[in-house]
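These notes are about the structure you will find just below.
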Amino acid sequence: MSAMVLVVQKFGGTSLADAEKIHRAARRAIRAKLSGQQVVLVVSAMGRTTDDLVKLAQAVCCDPPKRELDMLLTTGEQVSIALMAMAIDAAGHEAISLTAGQLGLVTDSAHTRSRIQRISRDRIDAELAAGKIVIVAGFQGADQAGEITTLGRGASDTTATALAAVLGAKCCEIYTDVDGVYSADPRLVPGARKIDEINYDTMLEMAATGATVMHSRAIEFGKKFQVPIYVRSSMTDAEGTLITAATPGMEAIVVRGVTLREDLAVVAMNGVPNTPGAAARIFSEVAKSNILIDDIVQNLYDGGRVANIGFSTNSSESAEAMAICRRLGKQLGVDGVEIDEGVSKVSAVGLGMRTHSGIAATMFEALAKEKINIDNISTSEIVISCIVRREDGPRALRCLHSAFELDEPREDDIA
Ligand code: ASP
Ligand code: MG
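So in my numbering, spot 35 of the sequence shown is number 16, and the numbers just go up one at a time.
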């Protein structure tokens, strides 16, 4: 193993949307190389390629086999790696493009949402030792049998941080179309402020509750292997946001950001007999198909004899979740299964919540003042979330952003 400093740079789709942007990204990689670092690039598909491929698949088949969807979608990243290698070559430097299968990024076999099992460093190390910039296709994997898989939409970030962890990179740089992580989505909240430094846990929760700037599993890798992640603009040299381990100052800030998730649906089973084991049956069935459950909603009624048990889940998986619940509903003899697609979730996130009380009260009061009804509440150590009607979401986000004084400039702006 060489003692050289290694950096992983990841470029998202908008940062690679055309030839000029590919050259710009290539120049960044070359600059890092010339400064004496080893460079591994992870790239996404160009522009909206992945979305276009999904549409194409749906035009051909209303329910495309997942294996074939992976086969199709991974072509987007394959285009990018080859073009990037050519751009670097054109600038007079050596590079090599690698698919996940070629480098040995092994996943399980859950097509469209597989998980990384191991990453071999042999091929990458050999190419780096030969002085090349290594360009890796993000988002994709290969299972034990060599079948092509994908890690879930937006998961090029995950490829990047996982590689950074395995390779012992000094930093994983995420180049994107915004200049960092904001206290709220600036498109929805005009007063949103860029955060200079944020800890892994807060960022993880912000991503899980709706901040789309990074894939949440990517942050898990960063945290687990303590790789600093630097999110910044691919178009400018402006300072971005450093995602890193918590410092004591970070704890002082109670709420760091507010987020909105609009890609949710609530699936509920009504009239579930309130007996031990009912919830276990439902959630183990859902888990078996790898569907991610967001929040669980349960209400008892009829003197506690029956319950409504539901959960929020990603919209893209709600139809599948619904089918499972219908099947199970018959076996359990429930009254009915319902899906509510008109929901959104607003959340407030911050490490300081651990030691402060009154956050929930501030949140509910702010929503009440706006006459926004709360359908469900969930909390964890550093997050409070409310399910609201979809049309109330952006307004809820704005009122929480000001209720927690996130639009105010602050002197201790470090966490
Ligand atoms: N191209 C993939 C997607 O659009 C992966 C990524 O961009 O991170 O989901
Ligand atoms: Mg992305």
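Even for Gly, the Cβ is constructed at its ideal location relative to N, Cα and C.
Residue environment: D33 is assigned as exposed (fewer than 16 neighbouring CB atoms within 10 Å of its CB, all protein chains considered). Judged by pairs of C-beta atoms under 8 Å, the region 323 to 332 touches the region 229 to 246, as three or more such pairs exist.
In the three-state DSSP reduction, P375 falls in the helix class (H, G or I). Distance check between G252 and each of T56, D283 and H74 places D283 closest, using alpha-carbon atoms only.
Ranked by Cα distance from G82, the options Y156, T140, V20 and D321 are led by T140. Distance from the C-beta of F120 to the nearest heavy atom of ligand 1 is below 7 Å. Rounded to the nearest whole angstrom, the C-alpha separation of V315 and R371 is 27 Å.
Annotation: the continuous beta strand (DSSP E) that includes T240 extends over G238 to R242.
For V41, the enclosing alpha helix (DSSP H) covers residues T30 to V41. DSSP, reduced to helix, strand and coil, places E220 outside both helices and strands of the structure shown, so it counts as coil. Of the candidates R48, A68 and M67, the residue whose Cα lies closest to the Cα of R94 is R48. A Cβ-Cβ distance of about 5 Å is found for the pair Y156 and S(-4), placing them in contact under the 8 Å criterion. Short of 6 Å from the beta carbon of G191, and not among the five residues preceding or following it, lie these beta carbons of its own chain, in chain order: T240, L241 and R242. Ligand 1 never approaches G28 closely enough for any of its heavy atoms to be under 7 Å from the residue's Cβ. Within the same chain, and ignoring the five residues on either side of L53 in sequence, the residues whose Cβ sits closer than 7 Å to its Cβ are L34 and A38. Distances from the CA of M27 to each of I3, G(-6), E1 and K36 were compared; the closest alpha carbon is that of G(-6). When DSSP states are grouped into helix, strand and coil, S299 belongs to the helix group. Residue pairing for E154: DSSP places it in a beta bridge opposite Q(-10) and Y211. When L50, M231, I100 and V20 are compared, the shortest CA-CA separation from V115 is found for V20. The criterion of a C-beta distance shorter than 8 Å is not satisfied by D124 and H196. Where E1 is concerned, the enclosing alpha helix (DSSP H) starts and stops at A0 to L15.
Rounded to whole angstroms, the gap between the alpha carbons of I363 and D89 is 31 Å. Between V327 and G374 the beta-carbon gap is near 6 Å, inside 8 Å, which marks them as a contact. By the C-beta criterion, the region 203 to 221 is judged to be in contact with the region 152 to 172, since at least 3 inter-stretch pairs fall below 8 Å.
Annotation: the continuous beta strand (DSSP E) that includes K326 extends over V324 to V330. S164 carries a coil assignment under DSSP once its states are collapsed to helix, strand and coil.
Between the region 334 to 352 and the region 300 to 317 there are fewer than three C-beta pairs closer than 8 Å, too few to call the two in contact. Considering only T256, I353, D244 and A110, the residue with the shortest C-alpha distance to L273 is D244. The beta carbon of K350 lies closer than 8 Å to those of C380 in the same chain, with the five residues before and after it left out.
Judged by beta-carbon spacing, R102 lies within the 8 Å limit of L148, meaning their Cβ atoms are closer than that value. The Cβ atoms of L144 and V(-11) lie closer than 8 Å to each other. For D89, there is no enclosing beta strand (DSSP E), since its DSSP letter is neither H nor E.
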